[in-house]
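Note that the sequence shown covers residues 1 to 252 in UniProt numbering. Each residue gets a CB set at the ideal place from its N, CA and C atoms; glycine is no exception. Everything numeric in this text was worked out from a predicted model, so none of it was measured.
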Amino acid sequence: MTPIISLPEAQEFVAHFLSGSHLRIVALTGAGISTDSGIPDFRSPGGIWSSREPVQYQDFLAFEESRLEDWDRRFEMLEFFQRAKPNAAHRALTELARSGRLETLITQNVDGLHQASGFPEEHLIEIHGNSTYATCLSCGSRAELEPQRQTVDAGKSPLCGRCGGLLKAAVVSFGQQMPEKELQRAALSAQDCDLFLVLGSSLVVHPAAQLPVLAVQGGAELVILNGQETPLDSLATAVIRTPLAQTFSNFG
Numbered sequence: 001m002t003p004i005i006s007l008p009e010a011q012e013f014v015a016h017f018l019s020g021s022h023l024r025i026v027a028l029t030g031a032g033i034s035t036d037s038g039i040p041d042f043r044s045p046g047g048i049w050s051s052r053e054p055v056q057y058q059d060f061l062a063f064e065e066s067r068l069e070d071w072d073r074r075f076e077m078l079e080f081f082q083r084a085k086p087n088a089a090h091r092a093l094t095e096l097a098r099s100g101r102l103e104t105l106i107t108q109n110v111d112g113l114h115q116a117s118g119f120p121e122e123h124l125i126e127i128h129g130n131s132t133y134a135t136c137l138s139c140g141s142r143a144e145l146e147p148q149r150q151t152v153d154a155g156k157s158p159l160c161g162r163c164g165g166l167l168k169a170a171v172v173s174f175g176q177q178m179p180e181k182e183l184q185r186a187a188l189s190a191q192d193c194d195l196f197l198v199l200g201s202s203l204v205v206h207p208a209a210q211l212p213v214l215a216v217q218g219g220a221e222l223v224i225l226n227g228q229e230t231p232l233d234s235l236a237t238a239v240i241r242t243p244l245a246q247t248f249s250n251f252g
């Protein structure tokens, strides 16, 4: 298959399937949908994860030093998230959901931009959690990040105001169990769609990378919109390499 690299051709293709006959669409988004909003791919060379070792979940639980390191990273990432705005690709998915044709949006991102675009929460699955707020590891209560900065600056781990448990950014950390309920819901959605869209994901991180396979096995078409080649390109009906925000600029 020859990837689509011409922007006008990509826009024409997107217009066709957005107005087409597919009624049960599921989408998977990765870091590539947010780079046009000013959020870097933290895993790429020069990103946060390339210059600082990831904090393992068990270390977060066991060591104050690890908890403070993790919180320092969350504040660093929060600055990117607060400056970023949803782009045309985010908005196009929101409109597709409001039309009733996009049944489920599964995201690997933790930046909260889908919510900022007004995407309906009941149709959104965050399989890697969310790094824009914290939750208590004991009682599950939500807490905002910014109010915890003073405690972290004082060299202490933020604690839950309700039960005194440890607060942690609501993202799935390295070594932490993935959310089983969300993964199960994502798999069921993939198996029951007629079009599966991949936007900005390299499809190398599992279990998310298996979802398009489940969709194809269930009879769905697969369309991959990503700047680089993915391991699943051969399964796709179409592969589009153009920048996502520009590709969806006429629809978002």
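Task: Under 8 Å between C-beta atoms of Ala84 and Ser138 - done: On the sequence shown, position 84 is the one that residue 84 refers to. On the sequence shown, position 138 is the one that residue 138 refers to. Cβ distance not < 8 Å, so Ala84 and Ser138 don't count as in contact.
Task: Host alpha helix (DSSP H) of residue 253 (start-end) - done: One cannot answer for residue 253 here, as it falls past the ends of the chain, which runs 1 to 252.
Open item on the list: So the candidates are Glu76, Cys163, Leu183, Thr135; which of them puts its Cα closest to the Cα of Ile125?
Closed with: By 1-based counting over the sequence shown, the position of residue 125 is 125. The residue with the shortest Cα to Cα distance from Ile125 is Leu183.
Open item on the list: So, with DSSP's three-state summary, where would you put Leu113?
Closed with: In the sequence shown, the residue the question calls residue 113 occupies position 113. In this structure, Leu113 counts as helix in the three-state DSSP scheme.
TODO: Look at the Cβ atom of residue 266, then the Cβ atom of Ser189, and state whether they are nearer than 8 Å.
DONE: Coverage of the chain is limited to positions 1 through 252, which leaves residue 266 absent and any answer about it impossible.
Task: Rounded straight-line distance, which links the Cα of Phe60 to that of Asp70 - done: In the sequence shown, the residue the question calls residue 70 occupies position 70. In the sequence shown, the residue the question calls residue 60 occupies position 60. The alpha-carbon atoms of Asp70 and Phe60 are separated by roughly 8 Å.
- [ ] Starting from the N-terminal side, write out each stretch of the beta strand (DSSP E) that is 3 residues or longer and does not extend beyond the region 130–215.
- [x] The beta strand (DSSP E) runs of length 3 or more contained entirely in the region 130–215 are, from start to end of the chain, 142–144, 167–171, 195–199.
TODO: Just the C-alpha distance for Leu235 and Phe81, rounded to the nearest angstrom, thanks.
DONE: The residue labelled residue 235 in the question sits at position 235 within the sequence shown. The residue labelled residue 81 in the question sits at position 81 within the sequence shown. Taking the straight line joining both Cα atoms gives about 33 Å.
Task: Close beta carbons around Ser117, own chain, < 8 Å, minus the five adjacent residues each side - done: Residue numbering aside, residue 117 sits at position 117 when the sequence shown is read from its first letter. Excluding positions up to five away in sequence, the list reads Pro86, His90, Arg91, Leu93, Thr94.
Task: Reduced DSSP secondary structure (H/G/I, E/B, other) of Glu65 - done: Within the sequence shown, residue 65 is the residue found at index 65, counting from 1. Note: Glu65 maps to helix in three-state DSSP.
- [ ] Please report how far the alpha carbon of Gly20 lies from the alpha carbon of Leu195, in whole angstroms.
- [x] Numbered from its first residue, the sequence shown carries residue 20 at position 20. Numbered from its first residue, the sequence shown carries residue 195 at position 195. Looking at the two C-alpha atoms, the distance is approximately 11 Å.
Task: Beta-carbon proximity of Val216 to Ala238, cut-off 8 Å - done: Reading the sequence shown from its first residue, position 216 is the one you call residue 216. Reading the sequence shown from its first residue, position 238 is the one you call residue 238. No, the pair does not count as a contact, with Cβ atoms beyond the cut-off.
Open item on the list: Does chain D have any CB closer than 8 Å to the CB of Glu180?
Closed with: Going by chain labels, chain D is absent from the structure shown, which holds only one protein chain.
Task: Neighbourhood of Phe119 by C-beta, 8 Å cutoff - its chain only, sequence neighbours within 5 removed - done: In the sequence shown, the residue the question calls residue 119 occupies position 119. For Phe119, the CB contacts under 8 Å within the same chain, skipping 5 residues up- and downstream, are His90, Leu93, Thr94, Ala97, Leu105 in chain order.
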